[in-house]
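Structure first, commentary second.
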Amino acid sequence: PAGLQAPLRAFPHPRKRCRSQGETRMKFVAAILFSCIQVSFAWSPAGLSLAPRTFSAAGQHGRFGTLRPVLPLASSRTLGKLSCTMAQSEVADAPVRNIKRSKLMAKPIGIGKAAPTPIISNKDMEDIVETTDEWIMTRTGIGSRHCLDGTETLRDLEVRAAMQALEDSGLNAADIDLVVVATSSPEDMFGDAPYVANMIGAKDAVAFDLTAACSGFLFATVTAGQYLSGGGYKNAMVIGADALSRWVDWSDRNSCVLFGDGAGAMVLTAVDTEDEAGILGFQMISDGSGHQCLKLPYAGQSQKVGPKHTTMKGSYDPISMAGKDVYKFATREVPRVLEEALANADVKPEDVDWLLLHQANIRIMEVVAQRFGIPMDKVLRNLDEYGNTSAASIPLALAEAVQSGKVKKGDIVATAGFGAGLSLGAAVIRWG
26 PAGLQAPLRA FPHPRKRCRS QGETRMKFVA AILFSCIQVS FAWSPAGLSL APRTFSAAGQ
86 HGRFGTLRPV LPLASSRTLG KLSCTMAQSE VADAPVRNIK RSKLMAKPIG IGKAAPTPII
146 SNKDMEDIVE TTDEWIMTRT GIGSRHCLDG TETLRDLEVR AAMQALEDSG LNAADIDLVV
206 VATSSPEDMF GDAPYVANMI GAKDAVAFDL TAACSGFLFA TVTAGQYLSG GGYKNAMVIG
266 ADALSRWVDW SDRNSCVLFG DGAGAMVLTA VDTEDEAGIL GFQMISDGSG HQCLKLPYAG
326 QSQKVGPKHT TMKGSYDPIS MAGKDVYKFA TREVPRVLEE ALANADVKPE DVDWLLLHQA
386 NIRIMEVVAQ RFGIPMDKVL RNLDEYGNTS AASIPLALAE AVQSGKVKKG DIVATAGFGA
446 GLSLGAAVIR WG
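Going left to right, the sequence shown walks through residues 26 to 457 as the working numbering numbers them.
The structure is reproduced here in structure tokens:
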């Protein structure tokens, strides 16, 4: 950049074997920027603009002048390493994501849902913590949440949702040869999927759990889609289920009001041609630098084992969440990952029939919908009834929309999940 040329003339040529003085200067500039300057990006508005603002290397009128990031979108995103304070960004080198994650040779043919009968309303929450119905609704859009009370288990919900999806698909249980359960709160630490497969009658299916928190259902959908596209499997049952009411601190009004329990299931079947494909494009991202922002951490205690040894007794702390930071992460990153999924699917925002986001916060939905010019009456949502059900939220909302006749065969549904990890996933799905 022109602003850098004058200062660089004062420095001697450091390596004669470089092919050109210009190459040397660029290497020297990179060394200065990466070792002496903290670079931070600001995204606008509210972290949503896909083009970074200008930033100054040494103040607004520093010696190097005002600089503009010149990396393409996919690379520039990797420069922002999320921290829980989000006060600054660290610079990181990463290649441009140039792999087109487009059609998977599978389509959805059945959907189901299940939720516990007991409901804790916002009015009920007023008797549990210092809060009000208005406070919760205004900030989150949540009006109630379904919570397991011990009369049934998460596995019961998983089986009910799967049976409903199986019936909707028109397949027999023996036709299912793959079962994937996305959950962060299984009934059994070793996994729920084999149990579910057995209970629905898919005796010969391979079954396993997948953990990606609130992004889990989308990660599981893409995973199953890859198996079906590979030709080794014909029909898959994908389940998203969580019981996070078990893991919240019910004295923390900032988190206990958010979470509920539930399960949703979808049947995918392999197809022979791209014209039949129902998973049109997808994108998945993980950013472990933000893992402290939302976590359910191990909190084991030491225990003596015999006279010589000590081991750890397993237990976990309640969910902890830096709510503002997760909100910033979601409103900044969800539009990007969704835009990439749409590009991979060759689908324009105006061609989307329905937008379906992880049911975490109505404000996040409004921001993302506005970003893509999608009216709120095209945003599928049910968090006012169920709250945040983690991996279950997307299939729960989709099941309600399909069963009510809102989502019809051939409709394009752009969907995105986000949450702990931190993780993000998006997929463009053609229903039926």
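Ideal placement from N, C-alpha and C gives every residue a C-beta, glycine not left out.
Take residue i and list the residues in its own chain whose beta-carbon comes closer than 6 Å to its own, dropping the five residues that flank it on each side.
| i | result |
| --- | --- |
| G339 | G325 |
| A445 | A238 and L319 |
| L243 | G442, G450 and A452 |
| D200 | N260 |
| Q189 | G137 |
| I387 | G166 |
Give the DSSP-derived three-state secondary structure of residue i in the structure shown.
| i | result |
| --- | --- |
| H316 | helix |
| F307 | strand |
| D193 | helix |
| N279 | helix |
| D181 | helix |
| K148 | helix |
| M346 | strand |
| Y220 | helix |
| T440 | strand |
| L293 | strand |
| S254 | helix |
| M390 | helix |
| R164 | helix |
| L423 | helix |
| S173 | Position check: residue 173 holds Leu in this sequence, whereas Ser was assumed. Of the three classes helix, strand and coil, the one that applies to L173 here is coil, per DSSP. |
| K434 | coil |
| I454 | strand |
| F215 | coil |
| P351 | Looking at the sequence itself, residue 351 is Val, so the reference to Pro does not match. Residue state, collapsed to three classes: helix. |
| V359 | helix |
| V273 | coil |
| S340 | coil |
| S114 | Only weak support is given to the placement of S114: the predicted model assigns it a pLDDT of 37, under 50, and the value that follows is read from those uncertain coordinates. Coil, per DSSP. |
Determine whether the beta carbon atoms of residue i and residue j lie at a separation below 7 Å.
| i | j | result |
| --- | --- | --- |
| V247 | M291 | no |
| M224 | V184 | yes |
| G450 | G442 | yes |
| A186 | A416 | no |
| A370 | V453 | yes |
| S345 | H383 | no |
| V304 | G255 | At residue 304 the sequence reads Ile, which differs from the Val that was named. Against a cut-off of 7 Å, the Cβ pair of G255 and I304 comes out as no contact. |
| D202 | Y252 | no |
| V204 | A232 | yes |
Taking the DSSP output, what are the residues bridged to residue i?
| i | result |
| --- | --- |
| A366 | A366 is not bridged to any residue. |
| K329 | T335 |
| V404 | L380 |
| K132 | T294 |
| I264 | V206 and A290 |
| S240 | Answer is none; S240 lacks a bridge partner. |
| V372 | Bridge partners of V372: none, in fact. |
By Cβ distance, which residues of its chain are closer than 8 Å to residue i, with the 5 residues on each side in sequence left out?
| i | result |
| --- | --- |
| V432 | D378, W379, L405, L423, A426, V438 and W456 |
| I310 | E358, V362, S448, L449 and G450 |
| M401 | M390, E391 and A394 |
| L179 | L173, T208, S210, P211, E212, D217, A266, D267, A268, D286 and A288 |
Can you find the residues in the same chain that come closer than 7 Å, C-beta to C-beta, to residue i, ignoring five residues on each side of it along the sequence?
| i | result |
| --- | --- |
| R278 | V154, E155 and T156 |
| E299 | K128 |
| V296 | M130, A131, K132 and A302 |
| W275 | I153 and C281 |
| L283 | T165, I167, G412 and N413 |
| T163 | none |
| M150 | T156, I161 and V282 |
| D234 | V206, T208, P211, G216, D217 and A218 |
* Hey, is the stretch 315 to 330 in contact with the stretch 406 to 422, meaning 3+ C-beta pairs nearer than 8 Å? -> no
* **Segment contact, 8 Å Cβ cut-off, at least three pairs: the stretch 164 to 173 with the stretch 131 to 151** => yes
* At a cut of 8 Å, does the stretch 186 to 196 reach the stretch 156 to 167 through at least three beta carbon pairs? -> no
* To do: State whether the stretch 127 to 141 contacts the stretch 278 to 292, with contact taken as three or more CB pairs (one from each stretch) at a distance under 8 Å.
  => yes
* Say whether the stretch 327 to 341 touches the stretch 359 to 379, bearing in mind that this needs 3 or more beta-carbon pairs closer than 8 Å, one atom from each stretch. => no
* Could you say if the stretch 356 to 364 and the stretch 389 to 405 meet the contact criterion of at least three C-beta pairs nearer than 8 Å? => By the Cβ criterion, the stretch 356 to 364 is in contact with the stretch 389 to 405, since at least three pairs of Cβ atoms, one from each stretch, lie closer than 8 Å.
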